[in-house]
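Residue numbers (our numbering): 2 to 600.
Note that beta-carbon positions come from the ideal geometry of N, C-alpha and C, so glycine has one too.
Heads up, the thing below is written out as structure tokens.
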């Protein structure tokens, strides 16, 4: 898929309402209900503590500071007691806030742990076609940046908004209790603030969708550029890579600036509304004080409460950007969780006690994209214990045959059978346990050589030694300071291409499969290493059904059966001798490789 088209698709992701997103998030929140309930309960204590201090200020002013009817000592004692009560309220609020943060952090970590695990388990269950259509960087972003955005929302935003929401309601109740006329003046600011907030929410959501989309694009590009840096430098593509990154970075900058402009308009508008409302309160409340209809303590407390009233709104304006960012991330995560591109589950799976290794392709038709078949009516038979070779140019369909055998895909027409049973009746994991695959591109896991061979299998030292011998790894292991326990560098950077392939061969031997597939296993090594691999292949092929895919024809002369594929069709089939006698494509390829003269 074109990179720019991926970004466009991300930006045009269907809009899920916050209500629907929260409905889905509740499935992950409910299991942590005890911690969430604790945080919510503490929110009422925190709110109560914050609402008390303006009232204490009013009492101090009206009852003691401006009350000339009381002796000075009594007034001083009263102010002292109120000050001590003020400090006690602060301590109570601090303790409640401390435990609330602990509860929220615990709940947030558990919620994100469950969500990340669910997301990862879902992704690894998807078909290979999904990974062909999605960049690695974007999938990484879903598991890291997007999950982190949601974690920040849970731990630092949601409870803050909940606290402020409770305080907002509490302030309104106190204000109407103190003076309903002043409260009505305050209420005049509600309609424009609601309109401003709703407009901001819509624009902010759009802005953060753009930001996350372009950030995912940058992550994907960096992952590809860094992993392929040797190719970039060999083919002198540095300038092109710089220009592409500059364009991606520029688009991200533009998206970020759009979000900043949206936020930059919203915050000043809230401040203007706050200042205008304060001016009205001072004008009307001051007149009430001058006419002795209101005490100065009540006016002071009312102004304090009014400032507290706008503080949650300011807080909301600042946190709302985080909420919208998290909602955008949630939308992307749940979109990924809705992907259904995986091999259908087998209702009543078949298991064979003793696999013979008899493989058949019967009229198989397969395409990755509709209308563009890769395999066209492919039929062949691999007898148990025999060696079967497949030859073809790049893109002819060789690897697709392997993908069908491993059941990464199912054919659209025809069938693939193992010992007379359609592969669609086998559970994929069980099937792959009995198929060993050695490919040219070897994935090295972080760890030692021993760990890379065993891959969590439990084998004795004698068995491991036999495998090392068969795979021709003895010289490598003996040359290393810690032998099998030597740690391999990232991606196997300490090993040559041939050593990696020998290691992959040992990995397959550790599984002891009945069916062996060698996908270009000797096409990228020197002659000496190829000889070592061929020695190991001859030793391990005994009593196994073996399928070899290679460009070097010297590796398949001993095959019991050879097929040549061209544009998804079998064009020649037979033994080496039969195909040489036909003087067809196989004979021509042997001539090109070995310089055989054509009669």
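If I follow the unbroken alpha helix (DSSP H) through residue i, where does it start and stop?
i, result
"residue 355", "Unbroken run through residue 355: none, as it is neither H nor E."
"residue 46", "34-60"
"residue 179", "160-179"
"residue 97", "73-124"
"residue 504", "498-512"
"residue 1", "Because the chain in this structure spans residues 2 to 600, residue 1 falls outside the shown range and cannot be described."
"residue 149", "148-153"
"residue 573", "Where residue 573 is concerned, there is no enclosing alpha helix (DSSP H), although the beta strand (DSSP E) it sits in stretches over 570-575."
"residue 566", "Per DSSP, residue 566 belongs to no alpha helix (DSSP H); it is in the beta strand (DSSP E), 562-567."
"residue 450", "450-455"
"residue 479", "475-480"
"residue 133", "129-134"
Taking the straight line between their C-alpha atoms, what separation do you get for residue i and residue j?
i, j, result
"residue 579", "residue 442", "32 Å"
"residue 139", "residue 132", "11 Å"
"residue 355", "residue 530", "34 Å"
"residue 115", "residue 31", "12 Å"
"residue 83", "residue 93", "15 Å"
"residue 118", "residue 327", "18 Å"
"residue 592", "residue 142", "50 Å"
"residue 305", "residue 284", "15 Å"
"residue 585", "residue 573", "8 Å"
"residue 312", "residue 194", "13 Å"
"residue 505", "residue 589", "32 Å"
"residue 333", "residue 339", "10 Å"
"residue 371", "residue 413", "10 Å"
"residue 20", "residue 47", "27 Å"
"residue 162", "residue 42", "14 Å"
"residue 433", "residue 407", "6 Å"
"residue 594", "residue 124", "43 Å"
"residue 90", "residue 55", "12 Å"
Compute the distance between the beta-carbons of residue i and residue j, then report whether it is under 8 Å.
i, j, result
"residue 547", "residue 389", "yes"
"residue 563", "residue 510", "no"
"residue 534", "residue 489", "no"
"residue 129", "residue 410", "yes"
"residue 44", "residue 167", "yes"
"residue 569", "residue 397", "yes"
"residue 632", "residue 221", "There is simply no residue 632 to check, as the chain begins at 2 and stops at 600 in what is shown."
"residue 303", "residue 179", "yes"
"residue 516", "residue 545", "yes"
"residue 536", "residue 503", "no"
"residue 36", "residue 97", "no"
"residue 392", "residue 520", "no"
"residue 57", "residue 65", "no"
"residue 197", "residue 270", "yes"
Shortest alpha-carbon distance to residue i belongs to which of the options?
i, options, result
"residue 243", "219, 265, 295 and 264", "219"
"residue 199", "401, 325, 171 and 215", "325"
"residue 549", "387, 508 and 431", "387"
"residue 559", "567, 538 and 42", "538"
"residue 418", "110, 382 and 555", "382"
"residue 429", "357, 331 and 346", "346"
"residue 323", "51, 146 and 565", "146"
Which first and last residues belong to the beta strand (DSSP E) in which residue i is found?
i, result
"residue 229", "That residue, residue 229, is in no beta strand (DSSP E); it is neither H nor E in DSSP."
"residue 437", "436-440"
"residue 520", "516-520"
Pull up the DSSP beta-bridge partners for residue i, would you.
i, result
"residue 374", "368"
"residue 361", "382 and 418"
"residue 396", "Note: residue 396 sits in no beta bridge, so no partner."
"residue 389", "548 and 562"
"residue 488", "449"
"residue 423", "418"
So does residue i have its beta carbon nearer than 7 Å to some heavy atom of the ligand NAP?
i, result
"residue 488", "As far as ligands go, the structure on display features none, and thus does not contain the ligand NAP."
Counting only beta-carbon separations shorter than 8 Å, does residue i have a partner in chain D?
i, result
"residue 476", "Absent here is chain D; the protein component of the structure consists of one chain."
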